[in-house]
Amino acid sequence: MEAVRGNTTTTTETTTVRSAYSVRAEQAVWLVTGIVTALLIIRFVFKLLAASTQASFVTFIYDLTQVFVAPFHGIFNTAANGRNVFEPESVVAIVIYLLIGWAIASLVRVVTRGGASEG
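In numbering that gives the first Met the number 0, the protein residues as written are 0 to 118.
This is how it looks when you write it as structure tokens:
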């Protein structure tokens, strides 16, 4: 905050000190959220581009992400053009898990907020 009095300018800054635990916990939440989101994006792209399920990596990604996408099956109709599949439940899952990650990170930030400040 800046206050101007005559020709004098006074600047006051307050820095909140956060514990290393708080920062690490928030980083861990974002790391898990990022990994889940990345896997879901890979799944979405594989489905959209009709990746072959003969490839073990594709099958691995589908099996790994099935648990994250399952709650959202049936919300929208899945559109298919030949082998290419637009899977809207993957998009919904990406958005929902990002929102959940943001909410948990915010909760960690609020709960672990320190009362100490430097001035």
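Each residue gets a CB set at the ideal place from its N, CA and C atoms; glycine is no exception.
Please read these numbers as outputs of a predicted model, since none were measured by experiment.
Spatial neighbours of residue 96 in its own chain (CB-CB distance under 8 angstroms, excluding positions within 5 residues in sequence) are listed in chain order as 32, 35, 36, 39 and 67. Here residue 46 is near residue 84, since their CB atoms are less than 8 angstroms apart. In the three-state scheme derived from DSSP, where H, G and I count as helix and E and B as strand, residue 19 is classed as helix. Closest in alpha carbon position to residue 98, among 29, 21, 20 and 49, is 29.
Non-local beta-carbon contacts of residue 81 in its own chain, meaning distances under 8 angstroms to residues more than five positions away in sequence, involve 49 in chain order. In this structure residue 110 is exposed. Its beta-carbon is surrounded by fewer than 16 other beta-carbon atoms within 10 angstroms.
Closest by C-alpha distance to residue 74, out of 92, 25 and 41, is 92.
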